[in-house]
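**Q** In the working numbering, the protein residues as written are 292 to 887.
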C-alpha cells in the first residue's frame with residue numbers, strides 16, 4: 292500500500308504542482324491549517340505532511356503546535372515549505388516539531404528524495420517499535436509462564452534486603468517460597484534463607500557483587516511462613532543491561548523439595564544405591580519379562596523422564612511402560628530383548644518414548660536379565676537415560692554437514708556423496724548437472740554491503756527451488772554457486788530447455804542489479820562418473836566460460852574439451868604475465884612476428 296501524504300498550502304497552483312510531483316503516492320490536499328487538521332483527524336493513515344507556513348485562518352506554526360501537543364499525532368512527520376531568507380521561520384518550525392524544510396521554488400528531485408527519506412525513516416521506526424513490542428510480549432510471556440522461579444534485581448549493593456532493590460519476581464517464585472512480592476521486598480532474601488545455608492549463600496553473593504565470579508549455583512533452603520522449608524536449586528548470575536544500570540542480577544530457582552525427600556529416604560533404606568540413582572539423568576528399574584514390561588521398581592527419575600510418577604508405573608497401576616514406548620518400537624524392542632536374553636547378553640538399545648504431555652524423547656536403555664537357578668528369567672534390571680539432547684545434536688550435525696547454512700539447500704558435500712553412490716547405476720537413466728554461477732554478484736558487496744548480497748543470493752535460491760522435484764535436486768555447491776542434479780532426462784534438448792527456463796526466471800532480478808551469470812551444463816557418462824572432483828571442476832570451468840562470453844547477460848555453455856583447453860591456456864598465459872610483471876621470469880612468454 293502506497294504512503295498517504297497531506298499537502299497543505301493556500302496556493303492552489305503549488306498544491307497541484309506538489310501533488311503531480313508525488314503522483315506515485317496517495318496525496319491529500321488542504322488549503323489551510325483548519326482543513327489540514329480535519330484531514331489528519333479523518334485519515335489516520337497520513338504519514339507525512341508537507342506544510343506551508345504562511346496561510347490564512349490557521350498558519351503553519353499553529354498546525355505544528357497542534358500536532359506537537361497531541362499524542363495522537365506523534366507518528367506524523369512534517370516537512371515545512373519556506374522561502375529563501377526565512378531562516379528564523381525554518382528554525383522556529385524545526386523547534387515546533389518539523390523534521391525537515393524545503394525552500395521555494397520547489398525542486399522536484401529534492402522533494403522526492405526528502406519524501407522518500409522520511410517515509411523510509413518512518414517505516415524503520417514502525418518496524419523497530421513492532422519488534423520491541425514483540426520482544427516485550429515474548430519476555431513477559433516467558434517470565435510469567437516459566438515453570439521455574441525467576442527474580443531480576445536492578446542496581447543495588449544490598450546483600451540482605453530485596454527491599455532496597457528494583458526487582459521483578461514471577462508468580463512461580465512466589466509460589467515456591469510461599470510469599471508475595473511485597474513480603475519478599477519487606478523481608479529480604481537473607482531473612483527467609485535457612486541459617487545453615489546463609490553463610491555460603493552470602494559468600495557467593497559477595498564474590499558476585501565484587502566481580503570475582505560471574506555467577507553461582509547452589510542448593511539451599513527457604514523458610515516458608517508456616518515454618519516449613521522448601522529446598523530449591525538456585526542459579527544466580529550477573530546481568531549487564533543496556534540501560535546502564537549496575538550490579539543487576541538474575542536468580543533462577545527450582546523446587547527440589549520432593550527430590551530431596553526422595554534422596555533422604557534412599558540414603559536411609561538403600562544407601563548403596565543412593566549415589567548411583569542421584570546421578571542418573573533418567574530412571575532405574577526392575578521389571579517382569581512380559582509384553583507390558585510390568586514394573587516392580589522405578590526410581591524417582593521416572594517423573595522427570597516420562598512425566599509420570601513411579602507409582603503410576605509400578606504393577607501397571609495407571610499405565611505400563613510398554614504404553615510409554617513409541618508404537619513403532621514396541622515389537623522391535625521385544626525382539627531385541629528376546630535375542631539378547633537367549634544368549635544371556637546385556638541389552639543396549641536406543642528408542643523413543645512418548646511422555647505424559649505427548650512429547651517424544653529419545654532414550655538409551657541399558658539392562659540385563661536376572662536368571663534364577665533353573666536359568667529362567669526372573670526379572671529385568673537396568674536404566675533408561677534421556678538422550679534427546681544428544682540425538683538433537685547428532686541430527687543438527689548431520690543437517691549442517693549436508694546443508695548450506697544461508698539457503699538451507701543441500702551443499703557440495705552432499706552432492707558429492709550422491710554422485711559417488713549413484714556412479715554406475717544405470718537404472719537411474721541419463722544424468723547431468725546444471726550449474727548456475729553467480730560470482731558476479733560479489734561485485735555488489737562493495738557497493739551495498741555483505742548482507743545485501745547475502746539477501747540477494749537467498750532470494751535467488753528461493754526462486755530456484757520452484758524447479759525442484761524427484762528428478763531435479765538443487766544444491767548450493769559454493770558461495771554464490773548453485774547446481775541442479777538432473778536424473779532421467781530424455782536428451783540434450785531437454786537440458787537446453789531447462790537452462791533456458793532458469794535463464795528467464797533469473798533474468799529480471801539480475802538485470803535489475805546490472806550483473807550477469809554463467810550456466811554450465813555437463814552430462815555424466817561412464818568416462819567421468821567416478822571422478823567426482825574432476826566432474827565438478829569441469830562444471831565450474833564451463834560456467835566461468837559462460838560468464839566471460841556473455842558478460843552482463845546469463846550465458847549457457849555445454850561442456851566440451853575445447854572449453855577446458857581454452858580456460859587452462861588462458862590461466863597459463865595469465866600466470867606467465869604475472870611472473871613477468873614481478874620480474875620473477877622473463878623467458879616464459881615469446882612474441883613472434885609473422886610477415887604479412
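We put the CB at the ideal spot given by N, CA and C, even for glycine. Because the structure is a prediction, the values reported are computed rather than measured.
Have a look at the DSSP bridge pairing and note the partners of residue 306.
**A** Here residue 306 corresponds to residue number 15 of the chain shown, with the count starting at 1. Residue 306 pairs with nothing; no bridge assigned.
**Q** For residue 655, does the three-state DSSP call read helix, strand or coil?
**A** On the chain shown, residue 655 is found 364 positions in, with the first residue counted as 1. If DSSP states are grouped into helix, strand and coil, residue 655 belongs with the strands.
**Q** Note the first and the last residue of the continuous alpha helix (DSSP H) segment covering residue 706.
**A** Position 415 of the chain shown, counting from 1, holds the residue named residue 706. Taken as a continuous stretch (DSSP letters only), the alpha helix (DSSP H) holding residue 706 covers 703-712.
**Q** Report the three-state DSSP secondary structure of residue 573 (helix, strand or coil).
**A** Position 282 of the chain shown holds residue 573. Three-state result, residue 573: strand.
**Q** Taking the C-alpha atoms as reference points, what is the distance between residue 663 and residue 821?
**A** Locating residue 663 in the chain shown gives position 372, counting from the first residue. Locating residue 821 in the chain shown gives position 530, counting from the first residue. So the alpha carbons of these two residues sit roughly 59 Å apart.
**Q** Are the beta-carbon atoms of residue 487 and residue 511 separated by less than 7 Å?
**A** Position 196 of the chain shown, counting from 1, holds the residue named residue 487. Position 220 of the chain shown, counting from 1, holds the residue named residue 511. Not closer than 7 Å, so no.
**Q** Once you ignore the five residues that flank residue 640 on each side, which residues in its own chain have a CB closer than 7 Å to its CB?
**A** Numbered from its first residue, the chain shown carries residue 640 at position 349. Its chain contains 624, 627 and 656 as the residues whose beta carbon lies nearer than 7 Å to that of residue 640, once the 5 sequence neighbours on both sides are disregarded; these appear in chain order.
**Q** Expressed to the nearest angstrom, what Euclidean distance is found between the alpha-carbon atoms of residue 317 and residue 327?
**A** The count along the chain shown starts at 1 and reaches residue 317 at position 26. The count along the chain shown starts at 1 and reaches residue 327 at position 36. One Cα belongs to residue 317, the other to residue 327, and the distance between them is close to 15 Å.
**Q** May I have the straight-line CA-CA distance separating residue 807 from residue 870, to the nearest angstrom?
**A** Taking the first residue of the chain shown as 1, we reach residue 807 at position 516. Taking the first residue of the chain shown as 1, we reach residue 870 at position 579. Taken atom to atom, the span from the alpha-carbon of residue 807 to that of residue 870 is near 30 Å.
**Q** Can you name the residues that DSSP bridges to residue 589?
**A** To locate residue 589, count along the chain shown from 1; it is residue 298. Answer by DSSP bridge pairing, in chain order: 576.
**Q** Please state the DSSP three-state secondary structure of residue 385.
**A** Taking the first residue of the chain shown as 1, we reach residue 385 at position 94. Helix, per DSSP.
**Q** In terms of residue numbering, what span does the beta strand (DSSP E) encompassing residue 726 cover?
**A** On the chain shown, position 435 is the one that residue 726 refers to. Run containing residue 726: 722-728, per the beta strand (DSSP E) assignment.
**Q** Strictly by DSSP, which residues pair up with residue 778?
**A** Counted from its first residue, the chain shown places residue 778 at position 487. For residue 778, which the question treats as bridged, DSSP gives the partners 722.
**Q** How is residue 814 classed by DSSP in three states: helix, strand or coil?
**A** Taking the first residue of the chain shown as 1, we reach residue 814 at position 523. Residue 814 falls in the strand class under three-state DSSP.
**Q** Taking all protein chains shown into account, do 16 or more other C-beta atoms lie within 10 angstroms of the C-beta of residue 242, making it buried, or fewer, making it exposed?
**A** The first residue shown for the chain is 292 and the last is 887, placing residue 242 beyond what the model contains.
**Q** Please state the DSSP three-state secondary structure of residue 238.
**A** Nothing about residue 238 can be read from this structure; the chain reaches only from 292 to 887.
**Q** What residues match up with residue 846 in a beta bridge as DSSP calls it?
**A** The residue given as residue 846 occupies position 555 in the chain shown. DSSP, once it has assigned bridges, lists 809 as partnering residue 846.
**Q** Excluding five sequence neighbours on each side, which residues of the same chain lie with their C-beta closer than 6 Å to the C-beta of residue 830?
**A** Looking up residue 830 in the chain shown gives position 539. Around residue 830: 724, 726, 811 and 813.
**Q** For the alpha helix (DSSP H) containing residue 428, name the first residue and the last one.
**A** Position 137 of the chain shown, counting from 1, holds the residue named residue 428. DSSP places residue 428 in the uninterrupted alpha helix (DSSP H) bounded by 399-436.
**Q** With burial defined as no fewer than 16 other Cβ atoms inside 10 Å of the residue's Cβ, what is the status of residue 752: buried or exposed?
**A** As a first step, residue 752 must be located in the chain shown, where it is residue number 461. Buried, because 16 or more other Cβ atoms sit within 10 Å of the Cβ of residue 752.
**Q** Using a Cβ-Cβ cut-off of 7 Å (strictly less than) and excluding sequence neighbours within five positions of residue 313, which residues of its own chain qualify?
**A** The residue you call residue 313 lines up with position 22 of the chain shown. Counting only Cβ-Cβ distances below 7 Å, and skipping sequence neighbours, we find 296 and 406.
**Q** Determine the direct distance from the alpha carbon of residue 596 to that of residue 476, and round the result to whole angstroms.
**A** Residue 476 sits at position 185 when you count from the first residue of the chain shown. Residue 596 sits at position 305 when you count from the first residue of the chain shown. Rounded to the nearest angstrom, the two C-alpha atoms are 36 Å apart.
**Q** For residue 380, name the three-state secondary structure that DSSP assigns.
**A** Along the chain shown, read from residue 1 onward, the residue named residue 380 stands at position 89. In the structure shown, residue 380 sits in a helix (DSSP, three-state: H, G or I).
**Q** Roughly how many angstroms separate the alpha carbons of residue 708 and residue 828, rounded to a whole number?
**A** Mapped onto the chain shown, residue 708 falls at position 417. Mapped onto the chain shown, residue 828 falls at position 537. The straight-line gap from Cα to Cα measures roughly 16 Å.
**Q** Quick one: residues in its chain with C-beta nearer than 7 Å to the C-beta of residue 893, no 5 flanking neighbours on either side, listed in chain order?
**A** This structure does not reach residue 893, given that the chain is present from 292 up to 887, and the question cannot be answered.
**Q** Thinking C-alpha only, which one of 335, 585 and 706 is nearest residue 824?
**A** Position 533 of the chain shown, counted from the start, is the residue given in the question as residue 824. Out of 335, 585 and 706, 706 has the C-alpha closest to the C-alpha of residue 824.
**Q** What does the alpha-carbon distance come out to for the pair residue 849 and residue 729?
**A** Taking the first residue of the chain shown as 1, we reach residue 849 at position 558. Taking the first residue of the chain shown as 1, we reach residue 729 at position 438. Taking the straight line from one Cα to the other gives about 17 Å.
**Q** With the cut-off set at 7 Å, would you say residue 325 and residue 348 are in Cβ contact?
**A** As a first step, residue 325 must be located in the chain shown, where it is residue number 34. As a first step, residue 348 must be located in the chain shown, where it is residue number 57. Yes, Cβ-Cβ distance for residue 325 and residue 348 is below 7 Å.
**Q** Whole-angstrom Cβ separation of residue 509 and residue 495, contact assumed at under 8 Å?
**A** As a first step, residue 509 must be located in the chain shown, where it is residue number 218. As a first step, residue 495 must be located in the chain shown, where it is residue number 204. With 8 Å as the limit, residue 509 and residue 495 qualify as a contact, their Cβ atoms being about 7 Å apart.
**Q** Give the range of the alpha helix (DSSP H) segment to which residue 747 is assigned.
**A** As a working note, residue 747 is residue 456 in the chain shown. That run of the alpha helix (DSSP H) goes 741-755.
**Q** What separation, rounded to the nearest whole angstrom, lies between the Cα atoms of residue 817 and residue 778?
**A** As a first step, residue 817 must be located in the chain shown, where it is residue number 526. As a first step, residue 778 must be located in the chain shown, where it is residue number 487. Looking at the two C-alpha atoms, the distance is approximately 15 Å.
**Q** Could you spell out the range, first to last residue, of the beta strand (DSSP E) harbouring residue 672?
**A** In the chain shown, residue 672 corresponds to position 381, counting from 1. From DSSP, the beta strand (DSSP E) with residue 672 extends over 668-677.
**Q** Nearest-angstrom Cα distance between residue 712 and residue 776?
**A** Position 421 of the chain shown, counted from the start, is the residue given in the question as residue 712. Position 485 of the chain shown, counted from the start, is the residue given in the question as residue 776. Whole-angstrom Cα-Cα distance: 14 Å.
**Q** Go through its chain and collect everything with a Cβ distance to residue 722's Cβ below 6 Å, but skip five positions before and after it.
**A** Locating residue 722 in the chain shown gives position 431, counting from the first residue. For residue 722, where only same-chain residues beyond five positions count, the Cβ hits under 6 Å are 778 and 815.
**Q** Looking only at its own chain, which residues have a Cβ that is under 8 Å from the Cβ of residue 514, when we skip the five neighbours before and after it?
**A** Along the chain shown, read from residue 1 onward, the residue named residue 514 stands at position 223. Excluding positions up to five away in sequence, the list reads 483, 484, 485 and 520.
**Q** Pair every Cβ in the region 750-768 with every Cβ in the region 789-797, then say whether three or more of these pairs are closer than 8 Å.
**A** yes
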